[in-house]
Amino acid sequence: MKRLVCTALLAAASTAHAAPLEWRGISLSSAEWGEKLPFPGVYGKDFVYPSVASTAYYQAQGMNLMRIAFRWERLQPTLNGDFDATELARLREFVDGTTARGLHVLLDPHNYATFKEVRIGQPGVPVAAFADFWRRLALQFKGNDKVLFGLVNEPHSLPTETWADAAQAAVDAIRAAGATNPITLPGNGYTGAWSWFEGKWYGTANAEVMGRVRDPLDRMLFEVHQYFDKDGSGTSAECVSPEIGAERLRRFTAWLKQNKRRAVLGELGGGANAVCEQAVRGALQHLQANADVWAGWLWWAGGPTWGDYFMSLEPDAAGHDKPQMRWLKPFLE
Numbered sequence: 011m012k013r014l015v016c017t018a019l020l021a022a023a024s025t026a027h028a029a030p031l032e033w034r035g036i037s038l039s040s041a042e043w044g045e046k047l048p049f050p051g052v053y054g055k056d057f058v059y060p061s062v063a064s065t066a067y068y069q070a071q072g073m074n075l076m077r078i079a080f081r082w083e084r085l086q087p088t089l090n091g092d093f094d095a096t097e098l099a100r101l102r103e104f105v106d107g108t109t110a111r112g113l114h115v116l117l118d119p120h121n122y123a124t125f126k127e128v129r130i131g132q133p134g135v136p137v138a139a140f141a142d143f144w145r146r147l148a149l150q151f152k153g154n155d156k157v158l159f160g161l162v163n164e165p166h167s168l169p170t171e172t173w174a175d176a177a178q179a180a181v182d183a184i185r186a187a188g189a190t191n192p193i194t195l196p197g198n199g200y201t202g203a204w205s206w207f208e209g210k211w212y213g214t215a216n217a218e219v220m221g222r223v224r225d226p227l228d229r230m231l232f233e234v235h236q237y238f239d240k241d242g243s244g245t246s247a248e249c250v251s252p253e254i255g256a257e258r259l260r261r262f263t264a265w266l267k268q269n270k271r272r273a274v275l276g277e278l279g280g281g282a283n284a285v286c287e288q289a290v291r292g293a294l295q296h297l298q299a300n301a302d303v304w305a306g307w308l309w310w311a312g313g314p315t316w317g318d319y320f321m322s323l324e325p326d327a328a329g330h331d332k333p334q335m336r337w338l339k340p341f342l343e
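According to my numbering, the sequence shown is numbered sequentially starting from 11.
Structure follows, in structure tokens:
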């Protein structure tokens, strides 16, 4: 028994110190805020973009991917219309400045597959309008090979088939625009890894539908999110068990292998306690042990407006690291 325990501990330690995955980063959240206020809101009060300078902290830790959240409606106030010049300039300033530092940026329209609270595919927001948005966005950033395109944050409350059709239309529009950038594709039902096969509450299971979405350049990754609290929502600082991190990823990992696809864990996180520490470490060890299908991960969240939010990775007022950064360090080196 002692030998088995020691062997298991050595295996875990070896995995933690394996080569980091290609993408290691953080979701920066603040530019999408104020969604419940009359749009577009007041810049600097209701929403704000993170500064390029703020990314230096994360880069120094070993992160190389910044996921920047923003709102579709602020960038494109009218469907099929021109982008708002001021909002585009804010987004471009962040993207160009951050990639000039050698970092990569994942664009994140943080809209849950809606435009002004109307679901894609419903009257008023046709699939073609979503494709138009992505055609325009691809044209803006296709010249920067450090930019990745995340189709949308956490689609939900629409048929999985409708979301798959919208995603395919967006992928086709991106490629028709001449962009070769990597694309990340979320599933329906908040794109949970653990619910990829459980469609009872959101429609047809992602496992049955989302595999049909294809990229002619084969540069598309699935993007799933996973938290380790009781309902998987990430709203509680308490994690279910030390083992829950790997447990909630295993079946999706097997699906990736079976279907010869790859993925990025676009959001994970947990409260600053021992159980969540073990859960997060277990999840990241699982990703590294399956690097043939997992391309990377992003912590939720960073950004200048979080205050004392329990998953914020922003350093405190004195410049000290949050406890969770210590957990992540072995997976960044």
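We put the beta carbon where it would ideally sit given N, CA and C, even for glycine.
Here's a check: name, in chain order, each residue in its chain whose Cβ is nearer than 7 Å to the Cβ of Y265, leaving out the five neighbours to either side. Before going on, a small fix: residue 265 reads as Trp here, not Tyr. Cβ neighbours of W265 beyond the five flanking positions: W206, A217.
Three-state secondary structure (DSSP) at G197? Three-state DSSP puts G197 in coil, outside helix and strand.
Which residue or residues does DSSP assign as beta-bridge partners of V234? Beta bridge pairing from DSSP links V234 with L275.
Have a look at L259 and A299 and give me their C-alpha separation to the nearest angstrom. Going by the C-alpha atoms only, they are around 12 Å apart.
Count the CB pairs spanning the region 121 to 130 and the region 97 to 112 that are closer than 8 Å, and state whether there are at least three. At 8 Å Cβ cutoff, the stretches do not touch.
Kindly indicate which residue of E343, A327, V274 has the alpha-carbon position closest to the one of L116. Per the Cα distances, V274.
Under a Cβ-count criterion, where at least 16 other Cβ atoms within 10 Å of its own Cβ denotes burial, should V52 be classed as buried or exposed? With fewer than 16 neighbouring CB atoms inside 10 Å of its own CB, V52 falls in the exposed class.
Do you know offhand how far A179's Cα is from G199's? Rounded to whole angstroms, A179 to G199 spans 19 Å at the Cα level.
Given E171, which residues of its chain have a CB within under 7 Å of its CB, disregarding the five upstream and five downstream residues? Hits under 7 Å: T214, V219.
Distance between S322 and G242 (C-alpha atoms, nearest Å): G242 and S322 have their C-alpha atoms some 18 Å from each other.
Going by beta carbon distance, what residues of the same chain come within less than 6 Å of A177, once the five residues before and after it are set aside? Leaving aside the five residues that flank A177 on each side, the residues in its chain whose CB is nearer than 6 Å to its CB run, in chain order, L161, L195, V223.
So, do the region 326 to 334 and the region 84 to 102 have three or more beta carbon pairs nearer to each other than 8 Å? Touching, no.
State the Cα-Cα distance for the pair A327 and K270, rounded to the nearest angstrom. Distance between the alpha carbons of A327 and K270 is about 45 Å.
Boundaries of the beta strand (DSSP E) in which L75 is found, first to last residue: Note, L75: beta strand (DSSP E), 75 to 80.
Assuming contact is defined by CB atoms lying nearer than 8 Å, are A305 and R272 in contact in what I supplied? Yes, they are a contact pair.
Report the option in L47, K156, E208 whose CA atom is closest to the CA atom of L75. Of all alpha-carbon atoms in L47, K156, E208, the one lying nearest the alpha-carbon of L75 is that of K156.
Using a threshold of 8 Å, state whether the C-beta atoms of P119 and P314 are closer than that. No, these two residues do not count as a Cβ contact at 8 Å.
Using the Cα positions of L38 and K210, report the straight-line distance between them to the nearest angstrom. A direct Cα-to-Cα measurement between L38 and K210 gives close to 32 Å.
Tell me whether S251 is buried or exposed, calling it buried when 16 or more other Cβ atoms sit within 10 Å of its Cβ. Counting of Cβ neighbours within 10 angstroms places S251 among the exposed residues, the total staying below 16.
Report the three-state DSSP secondary structure of R129 (helix, strand or coil). DSSP places R129 in strand when its eight states are reduced to three.
Whose C-beta lies closer than 8 Å to the C-beta of V303 among residues of the same chain, with five residues either side of it excluded? Cβ contact annotation for V303 (same chain, cutoff 8 Å, sequence separation greater than five): T263, L266, K267, R271, R272, A273, in chain order.
One question on the structure: do H166 and Y237 come within less than 8 Å of each other, judged by their Cβ atoms? It is not a contact, given that the beta carbons lie outside the stated cut-off.
Contact check, A1 vs N154 under 8 Å by CB: the rounded distance? For the chain, the structure presents residues 11 to 343; residue 1 sits outside this window and is missing.
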